[in-house]
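Asker:
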Amino acid sequence: MRRRPGIAGLQNAAATRDQFRLVGENVAKVRTDVMKEQLATFRTQLEEFARKHKVLGSGFEVISVGKKKLVRSVPTELNKDHNGILELAQAEGFVTVEQVERKFSWSTGRAIDVLETLLKEGLAMIDDGHRDGKRRYWFPCVTLSSDSTGADAKS
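The numbering used here puts the first residue of the sequence shown at -7, with every later residue one more than the last.
1) For Ile104, which residues of its own chain have a beta-carbon under 8 Å away from its beta-carbon, when the five flanking residues on both sides are left out?
2) Which of helix, strand or coil does DSSP assign to Ser147?
3) To the nearest angstrom, how far is the alpha carbon of Ala6 from that of Phe34?
4) How many Å lie between Gln82 and Lys44 at the Cα?
5) Taking only the alpha-carbon atoms, compute the straight-line gap between His74 and Gln91 and give it to the nearest angstrom.
6) Can you give the Cα-Cα distance for Asp120 and Glu84, rounded to whole angstroms?
7) Just grab the DSSP bridge partners of Arg128 for me.
8) Whose C-alpha, out of Ile118, Ile77, Lys126, Ala116, is nearest the C-alpha of Arg102?
9) Report the residue ranges of all alpha helix (DSSP H) runs contained in full by the region 18 to 45; include only those spanning at least 4 residues, in chain order.
10) Which of the three DSSP states, helix, strand or coil, is assigned to Lys95?
11) If I'm right that Leu70 touches Ile55 with Cβ under 8 Å, what's the distance once you round it to whole angstroms?
12) Alpha helix (DSSP H) containing Asn75: first to last residue?
13) Give a yes or no on whether the minimum CB-CB distance between Leu111 and chain B is below 8 Å.
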């Protein structure tokens, strides 16, 4: 037959719980202090990196095109014409000269000029292999919605 702990046993158990609680609090405090120190070091190094490299010159920035945000990583300044074409390309990932002319009421020359500028800056790629024979300007920087991707893949 086993005996139940007496008052001394209960006091020992309470003292043990208190010791564990204190050790746990000390461990949490040490972890918090270490984390604060790591964050301060990270902040210092990040500020030093920013000063040294300056957030990598004026070539990198986040721009809004329609409802999307893009990272501009080319030194060319995008104007309203470029942004309009990028916004149009969000529907299918590409545009044709005819689509640009129709959407913006531009001349063929203006549409080709703007598209060629985007091509030279590495924002567009040419696809001359479509069965309808029309040149497509693809924009890898534009994310397609799942609906247009599925529809385009089937046709």
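Just so you know, even glycine gets a beta-carbon here, dropped at the ideal spot from N, CA and C.
Only a predicted model underlies this, so the values are computations on that prediction, with no experimental measurement involved.
Answerer: So, from the listed chains and residues:
1) As a working mapping, residue 104 is identified with position 112 in the sequence shown. Same-chain partners within the cutoff: Val89.
2) On the sequence shown, residue 147 is found 155 positions in, with the first residue counted as 1. Confidence in Ser147 is poor, its pLDDT being 43 and thus under 50, which makes the residue's placement unreliable; the coordinate value appears in the next sentence. It is coil, neither helix nor strand.
3) Stepping through the sequence shown from its first residue, residue 6 is reached at position 14. Stepping through the sequence shown from its first residue, residue 34 is reached at position 42. Rounded to whole angstroms, Ala6 to Phe34 spans 42 Å at the Cα level.
4) Residue 82 sits at position 90 when you count from the first residue of the sequence shown. Residue 44 sits at position 52 when you count from the first residue of the sequence shown. Each residue's alpha carbon lies about 36 Å from the other.
5) Within the sequence shown, residue 74 is the residue found at index 82, counting from 1. Within the sequence shown, residue 91 is the residue found at index 99, counting from 1. C-alpha separation (whole angstroms): 14 Å.
6) Stepping through the sequence shown from its first residue, residue 120 is reached at position 128. Stepping through the sequence shown from its first residue, residue 84 is reached at position 92. Distance between the alpha carbons of Asp120 and Glu84 is about 16 Å.
7) Taking the sequence shown and counting its residues from 1, the one referred to as residue 128 is at position 136. Bridge partners of Arg128: Asp119.
8) Numbered from 1 along the sequence shown, position 110 holds the residue referred to as residue 102. The candidate whose alpha carbon is nearest that of Arg102 is Ile77.
9) none
10) As a position in the sequence shown, residue 95 is number 103, starting the count at 1. It is helical.
11) Translated into the one-based positions of the sequence shown, residue 70 becomes position 78. Translated into the one-based positions of the sequence shown, residue 55 becomes position 63. About 7 Å; that satisfies the 8 Å criterion.
12) Along the sequence shown, one-based indexing puts residue 75 at 83. Segment 72 to 81, the alpha helix (DSSP H) holding Asn75.
13) Considering every chain present, this structure includes no chain B. It has just one protein chain.
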